[in-house]
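A short write-up of the structure that comes next.
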Amino acid sequence: MKTDSCAPLASVIDLLLDAICVVDAQGNFVYVSAACERIFGYTPDEMLGKRMIEMVYPEDRARTIAAAQEVMASQPLLHFENRYLRKDGSVVHIMWSACWSTDNKLRIGVARDITQRKQSEAMQAALYSISEAAHGAKDLAALYQQIHLTIAKLLPLDDFIVAIRDLASGELTYPYQALALDSLGAPPEPGRSLCFSVLHGRQALRFNAESLSALALPLDAADAVAWWLGVPLNSSEGAIGVLLLKSSTAPYSEKDQELLQFVSTQVVTAIERQQLYARLHRMAQYDELTGLPNRACFRDRLETALARVRRNGGRIALLYVDLDRFKQVNDTYGHGGGDQLLRAVADRLTFCVRDTDTVARLGGDEFVVLLESIVEPEDAQRVVEKIRNAFAQPMLIVEHSIDIDLSIGTALYPEDGEAEMQLLKQADERMYRMKARSGQEPVDCD
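For the record, in the sequence shown the residue sitting at position 76 is 88 according to the working numbering, with numbers rising by one throughout.
Shown next, in the form of structure tokens:
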């Protein structure tokens, strides 16, 4: 079809916002209206003679060919959606209406740019997905993974890094990266430095090889054809972290940056909510003073351990530990000294057992040790002796050397009972009998 023969009609068609495209039986453009330049980025002269399928986004080509074959079989097509690559490499979403001219052996299509609508839909879906993850993710690791998968649907993405600022030290930690972290638990350069730049600048930044060279950051061969986009995770208390994206397929645009910034506000809310849940869970399961599991957490672990030995066989042991004359330490050195002693006791008890065992604080000056997978009753006694030897050394409390005695009561499964309450009662009673025998000598304080 020659554009000259359609000149009067073409001048009117060129006023349309939708593009008119005519493709021959071989799939080549033979006519395009002026709107094509706005939608696809090519001038009409650049598109004429070009194969239509070469402009289609690679993942959409198979179904686009299938749809074209239906049209050429005289089946008109309405509201068919696919993606095209613009001249600048960006992606444009198109909705087509098309039919086949049997007489002229031509496929006539009307193309409408629906990119903005698609981006809005994708944004809404992303916010919904992140909101769902914030409420449904079992922990922060699961939340970060869901955020990664969600953003990957919106933007070109080869790597995705979450950096979170430690509130106490101000240092960045890296709880999530799509690619592997290095041996220090951080992303390799230039990712690490870019995270710091975004965090301290508190504004979104886009990087390429040229800007990285200007910053004197190390580059490898892959970085020469890569682009980065970083946005700070800004909360009311300042920047709590950074989202950093890397692409090797397409540069990030200003619109990409705006989109990620918009998503980042939802990410901040989701992260803060999960962090709050984590703090509340820790408060419910751990003793605030010593950091040890509390009574509720210990009971959960004991119940789990009992279920395991009932199923698989074996032994477990409970050691009830009580500090003798703890009240005298409090009276002599105040509650600050008593708290310092309790923390020191927690550290020494933890040092005396394996990582698979549990040391918990039940309250006051009472502790309990759960020993799992012991072979013989003597194994529990050896741990008792190890604890006594550890506490034979004085403790330095508020710059005073203090000798501390312990009363320890033991109970073994299955020898002393098979039920949770039987074991707890047995260990408790033995501990108090030992405490009664220890007498009431004063605490030796130097």
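C-beta: ideal position from N, C-alpha, C; glycine also.
It should be emphasised that the depicted structure is a prediction, and the values quoted were computed from it without experimental measurement.
Roughly how many angstroms separate the alpha carbons of residue i and residue j, rounded to a whole number?
i: Met407; j: Ala145; result: 47 Å
i: Gly376; j: Cys309; result: 16 Å
i: Leu331; j: Arg307; result: 14 Å
i: Ala216; j: Leu27; result: 39 Å
i: Met107; j: Asp178; result: 47 Å
i: Leu3; j: Arg337; result: With the chain covering 13 to 458 only, the question about residue 3 has no answer from this structure.
i: Leu191; j: Met64; result: 36 Å
i: Ser260; j: Val237; result: 6 Å
i: Arg449; j: Gln340; result: 18 Å
i: Lys99; j: Ala78; result: 24 Å
i: Ser419; j: Val387; result: 24 Å
i: Ser394; j: Ile159; result: Residue identity check: residue 394 is Arg in the sequence provided, not Ser. Rounded to the nearest angstrom, the two C-alpha atoms are 49 Å apart.
i: Phe379; j: Leu245; result: 41 Å
i: Gly203; j: Leu292; result: 32 Å
i: Leu288; j: Met295; result: 10 Å
i: Pro187; j: Gly148; result: 19 Å
i: Ala282; j: Asp171; result: 21 Å
i: Asp343; j: Gly350; result: 9 Å
i: Asn40; j: Pro200; result: 46 Å
I think residue i touches residue j, with their Cβ atoms under 8 Å apart; what is that distance to the nearest whole Å?
i: Thr127; j: His105; result: 5 Å
i: Val42; j: Pro56; result: Incorrect: roughly 11 Å between the Cβ atoms, too far for contact.
i: Ile120; j: Val34; result: 5 Å
i: Ala251; j: Leu211; result: 5 Å
i: Leu272; j: Leu255; result: 7 Å
i: Gly253; j: Val174; result: 7 Å
i: Val122; j: Tyr96; result: Wrong, their Cβ atoms sit about 14 Å apart, outside the cutoff.
i: Leu304; j: Ala356; result: 12 Å between Cβ atoms; not a contact.
i: Ser143; j: Gln278; result: 7 Å
i: Leu314; j: Glu432; result: 6 Å
i: Ala134; j: Leu169; result: In fact, because the Cβ distance is near 14 Å, the residues do not count as touching under 8 Å.
Is it buried or exposed, residue i, if we count other Cβ atoms within 10 angstroms and call 16 or more buried?
i: Ala80; result: buried
i: Gly242; result: buried
i: Thr185; result: exposed
i: Glu384; result: buried
i: Leu361; result: buried
i: Leu354; result: buried
i: Thr368; result: exposed
i: Thr162; result: buried
i: Lys267; result: exposed
i: Thr464; result: Beyond the ends of the chain as shown, which are 13 and 458, falls residue 464; an answer cannot be given.
i: Lys117; result: exposed
i: Gln189; result: buried
i: Ser248; result: exposed
i: Ala180; result: exposed
i: Asp30; result: buried
### Query
Would you say the segment 331-340 touches the segment 399-419, given that touching needs at least three Cβ pairs under 8 Å?
yes
#### Entry: Contact the segment 421-430 vs the segment 310-330: 3+ CB pairs below 8 Å
yes
### Task
Any chance you could list the beta strand (DSSP E) runs of at least 3 consecutive residues sitting entirely within the segment 149-187, in chain order?
171-177
### Whole alpha helix (DSSP H) elements within the segment 381-412, 4-residue minimum
389-403
### Task
Only counting runs of 4 or more residues, tell me where the alpha helix (DSSP H) segments fall wholly within the segment 264-301, in order along the chain.
266-297
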